[in-house]
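Residue numbers for the sequence shown follow the numbering used here, beginning at 39 and rising by one.
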Amino acid sequence: MKLEYPELTPDSFISIPKVKEFQKKYLSHLINEESTELDLLEREVLDSIEKNEILSENIEPEIEHKLTFAERVSDKLAEFGGSWTFIFSFFTFILIWVSINVGNAFFHPFDVYPFILLNLLLSCVAAIQAPIIMMSQNRQEQKDRIRSEHDYKINLKAELEIKLLHEKIDYLIAHQNRKLLEIQEIQASYLDDILSKLDKSSF
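As structure tokens, this is what we get:
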């Protein structure tokens, strides 16, 4: 009303038909505003999804990229040392070594019983393999710690987004309730006018 008649003051007089006319306009404005706010909320949610950085990505390439050549080699050796391939290869090697050095007429024994050279070789393998496995385990713990921090960030981000979504929904519900109350008040005013006119026409 102020937009069309800026000269109006609190003491101005307005005719009843004009009041009804502006009530209809205000009712239409409330309905259109409600629809517009829903569209804006949908666009806001879509924009937030598009702009937010996605944390749930594969971090394995980043972890592997930071490893040095020696660390990669030690990881491969530790992986091989804990496989069935290593076990079968180890027993095959022992069997061939013993077969060559025990009562073999085709090969000259170079490590006769009690296989001192073989024991020395196995001791060296065990001495080297142990620290390699320990280094690999330490790096695995570091990887697990990085994954744990990454999972924490994802969970925290999801928690904050859910909290923000709840706040938006609460605001939207409260705002809609207020608009519905205003619409109901205007409708009640219209209903009172209709009833008063019916009462007058009945006399």
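Idealized CB from N, CA, C, for every residue including glycine.
Under the three-state reduction of DSSP, D149 is assigned to coil, being neither helix nor strand.
Under the DSSP assignment, T123 falls in the alpha helix (DSSP H) whose first and last residues are W122 to N139. The alpha-carbon separation between A116 and S161 amounts to approximately 17 angstroms. Residue environment analysis places S186 among the exposed positions, since fewer than 16 neighbouring C-beta atoms fall within 10 angstroms of its C-beta. Boundaries of the alpha helix (DSSP H) harbouring L115: F107 to G119, taken from the DSSP string. If you ignore the 5 residues before and after T130, its C-beta comes within less than 8 angstroms of no other C-beta in its own chain.
Beta-carbon to beta-carbon, S112 and I207 are separated by about 52 angstroms, too far to satisfy the 8 angstroms threshold. With respect to F118, F126 sits apart: the two C-beta atoms are not nearer than 8 angstroms. Less than 8 angstroms divides the Cβ of R177 from the Cβ of E109. A straight-line Cα-Cα distance of about 27 angstroms links I232 and Q214. A direct Cα-Cα distance of roughly 15 angstroms separates S137 from N157. The straight-line gap separating the alpha-carbon atoms of I154 and N139 is approximately 11 angstroms. Rounded to whole angstroms, S234 and A226 show a C-alpha spacing of 12 angstroms. Shortest Cα-Cα distance from P152 to any of W135, V163 and A164 involves W135.
Within the same chain, no residue comes within 7 angstroms of L133 by CB-CB distance, once the 5 residues on both sides are set aside.
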